[in-house]
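Written out below as structure tokens is the structure these notes cover.
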Ligand SMILES: Cc1cc2nc3c(=O)[nH]c(=O)nc-3n(C[C@H](O)[C@H](O)[C@H](O)COP(=O)(O)OP(=O)(O)OC[C@H]3O[C@@H](n4cnc5c(N)ncnc54)[C@H](O)[C@@H]3O)c2cc1C
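In UniProt numbering, the protein residues as written are 1 to 272.
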């Protein structure tokens with residue numbers, strides 16, 4: 001791993017080069033290259049380097065918040081588990097043999113500190129119906145933070161010699177677990193395009209980078225959006241709450257009963 005630079009800014013991008021100015025322990029430097037891959041996440045410097053007049057930023061706040069928890073505990077169920085309950089959504093995802101991520105839907109603005117270990121395990125037990133599916137394996141909670149479900153897509157995700165990758169290009173709510181998958185897909189598309197450009201002097205794939213990636217990003221966004229509607233009930237006091245609940249029930253029934261629907265869901269979820 002190279003030195004970690006701080007305060008990086010993109011100072012210049014044109015048809016021939018890109019320059020990043022950064023500070024490290026030895027001072028301020030300029031790094032100049034033929035290509036710039038923006039892999040610095042949603043808070044990095046590269047996504048703002050595309051002139052606003054030349055790109056659109058599509059954004060949606062889904063009005064839903066999750067308490068994201070990491071527990072030093074083995075997984076309690078054989079697979080990723082989503083629980084729908086009148087108290088709100090709960091999720092279970094194994095991260096390693098010793099660590100499991102859990103989610104609890106909470107009111108936006110909740111203070112994570114108000115969620116003690118006991119309160120978290122009690123609420124998870126209720127929403128995940130342990131009396132029917134078995135007790136949860138508990139352990140020390142090492143992370144608890146509020147994640148607001150937001151989506152954002154930059155369009156296009158390239159400008160001159162700059163190519164955005166992963167969360168720098170698009171943010172996707174964790175409801176369908178797609179963010180890291182998209183980041184890897186885009187990194188692979190960009191890596192192959194750079195090989196074509198550098199080794200074969202063929203820039204067609206590089207020119208088409210945004211056009212190749214954006215349809216896949218939107219397909220993932222569409223599925224994630226469908227999952228958000230499925231996992232969360234209507235907002236408190238929504239005038240059509242009964243209608244929304246009935247639609248959700250119909251969606252779940254279809255997913256439970258229709259083989260064709262299950263196959264489509266699996267294809268979207270795995271990301272073929
Ligand atoms: C709670 C939660 C759960 C998630 N679960 C899943 C899941 O189950 N499956 C899934 O596919 N995705 C999941 N995601 C999404 C996934 O984490 C992201 O989509 C993915 O990490 C994006 O990768 P990235 O490399 O584009 O950005 P990041 O992971 O944000 O990496 C960017 C890196 O660049 C560094 N950086 C930025 N600026 C500088 C600088 N100036 N100098 C040095 N370093 C810099 C940052 O520190 C960071 O390490 C989840 C996200 C959240 C918040």
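Each residue gets a CB set at the ideal place from its N, CA and C atoms; glycine is no exception. Keep in mind that this is a model prediction, so the values were computed, not measured.
**Asked** Would you report the Cα separation of residue 90 and residue 243, rounded to the nearest angstrom?
**Response** Here the question's residue 90 lines up with position 90 in the chain shown. Here the question's residue 243 lines up with position 243 in the chain shown. Taking the straight line from one Cα to the other gives about 22 Å.
**Message:** Alpha carbons only, please: which of 49, 93 and 161 is nearest the one belonging to residue 154?
**Reply:** For this step, residue 154 is matched to residue 154 along the chain shown. The option with the nearest alpha carbon to residue 154 is 49.
**Asked** Between residue 106 and ligand 1, is the CB less than 6 Å from at least one heavy atom?
**Response** Translated into positions along the chain shown, residue 106 becomes position 106. No, since every heavy atom of ligand 1 falls outside the 6 Å radius drawn around the Cβ of residue 106.
**Prompt:** Would the beta-carbon of residue 26 be found less than 6 Å away from any heavy atom of ligand 1?
**Reply:** Here residue 26 refers to the residue found at position 26 when the chain shown is read from its first residue. False, no ligand heavy atom lies under 6 Å from that Cβ.
**Request:** Mind checking who residue 72 pairs with in its DSSP beta bridge?
**Result:** The count along the chain shown starts at 1 and reaches residue 72 at position 72. Looking at the DSSP assignment, residue 72 forms no beta bridge with any residue, so it has no partner.
**Asked** Count the other CB atoms within 10 Å of the CB of residue 92; is the residue buried (16 or more) or exposed (fewer)?
**Response** Counting from 1 along the chain shown, the entry for residue 92 is found at position 92. With 16 or more other Cβ atoms within 10 Å, it is buried.
**Prompt:** Does any C-beta atom of chain C lie closer than 7 Å to the C-beta of residue 158?
**Reply:** The chain inventory of the structure shown lacks chain C, comprising one protein chain alone.
**Item:** First and last residue of the uninterrupted beta strand (DSSP E) at residue 99
**Value:** Taking the chain shown and counting its residues from 1, the one referred to as residue 99 is at position 99. From DSSP, the beta strand (DSSP E) with residue 99 extends over 99-106.
**Message:** Which runs of the alpha helix (DSSP H) at least 4 residues long sit entirely within the stretch 189-249? Give them in chain order.
**Reply:** 204-207 and 209-231
**Prompt:** Do you know offhand how far residue 266's Cα is from residue 114's?
**Reply:** Residue 266 sits at position 266 when you count from the first residue of the chain shown. Residue 114 sits at position 114 when you count from the first residue of the chain shown. Cα to Cα, residue 266 sits roughly 36 Å from residue 114.
**Prompt:** Are at least three pairs of beta-carbons, each pair with one atom in the stretch 194-214 and one in the stretch 244-258, less than 8 Å apart?
**Reply:** no
**Prompt:** Excluding sequence positions up to five away, which residues of its chain have a Cβ less than 8 Å from the Cβ of residue 234?
**Reply:** The residue given as residue 234 occupies position 234 in the chain shown. Taken in chain order, the residues that qualify are 240, 241, 244 and 245.
**Cβ shell of residue 232 (< 7 Å), same chain only, five flanking positions each side left out** = Walking along the chain shown from the start, residue 232 turns up at place 232. Excluding residues within five positions, the ones whose Cβ falls inside 7 Å are 64, 89 and 105.
**Extent of the continuous beta strand (DSSP E) run through residue 275** = The shown model of the chain, from 1 to 272, leaves out residue 275, and the question about it has no answer.
**Request:** Please indicate yes or no: does the CB of residue 271 lie closer than 6 Å to some heavy atom of ligand 1?
**Result:** Here residue 271 corresponds to residue number 271 of the chain shown, with the count starting at 1. Residue 271: no, Cβ never under 6 Å from ligand 1.
**Message:** Taking the straight line between their C-alpha atoms, what separation do you get for residue 112 and residue 31?
**Reply:** As a first step, residue 112 must be located in the chain shown, where it is residue number 112. As a first step, residue 31 must be located in the chain shown, where it is residue number 31. Roughly 40 Å between the two C-alpha positions.
**Distance between residue 3 and residue 17 (C-alpha atoms, nearest Å)** = Within the chain shown, the letter at position 17 stands for residue 17. Within the chain shown, the letter at position 3 stands for residue 3. Cα-Cα distance, rounded: 22 Å.
**Residues bridged to residue 131 [DSSP beta-bridge criterion]** = If you number the chain shown from 1, residue 131 lands on position 131. None; residue 131 has no bridge partner.
**Request:** Quick one: grab the DSSP three-state call for residue 262.
**Result:** Position 262 of the chain shown, counted from the first residue, corresponds to residue 262. Three-state DSSP puts residue 262 in a helix.
**Residues that DSSP places opposite residue 170 in a beta bridge** = Start at 1 with the first residue of the chain shown, and residue 170 comes out as number 170. Residue 170 pairs with 153.
**Asked** Just checking my contact of residue 47 with residue 164 at CB under 8 Å: how many whole Å lie between their CB atoms?
**Response** By one-based count along the chain shown, residue 47 stands at place 47. By one-based count along the chain shown, residue 164 stands at place 164. Residue 47 to residue 164, Cβ: 6 Å. Contact.
**Asked** Helix, strand or coil for residue 63 per DSSP?
**Response** Position 63 of the chain shown, counting from 1, holds the residue named residue 63. Residue 63: strand per DSSP, three-state reduction.
**Request:** For residue 252, count neighbouring Cβ atoms within 10 angstroms of its own Cβ and tell me buried if that reaches 16, exposed if not.
**Result:** As a working mapping, residue 252 is identified with position 252 in the chain shown. With fewer than 16 Cβ atoms within 10 Å of its Cβ, residue 252 is classed as exposed.
**CA-to-CA distance, residue 224 to residue 36, given in whole angstroms** = Against the chain shown, residue 36 aligns to sequence position 36. Against the chain shown, residue 224 aligns to sequence position 224. Between residue 36 and residue 224, the C-alpha separation is close to 29 Å.
**Prompt:** With distances taken between CB atoms, is the gap from residue 139 to residue 73 smaller than 7 Å?
**Reply:** Counting from 1 along the chain shown, the entry for residue 139 is found at position 139. Counting from 1 along the chain shown, the entry for residue 73 is found at position 73. Closer than 7 Å, so yes.
**Asked** Hey, would you say the C-beta of residue 181 is under 6 Å away from at least one heavy atom of ligand 1?
**Response** Position 181 of the chain shown, counted from the first residue, corresponds to residue 181. Result yes, Cβ under 6 Å from ligand 1.
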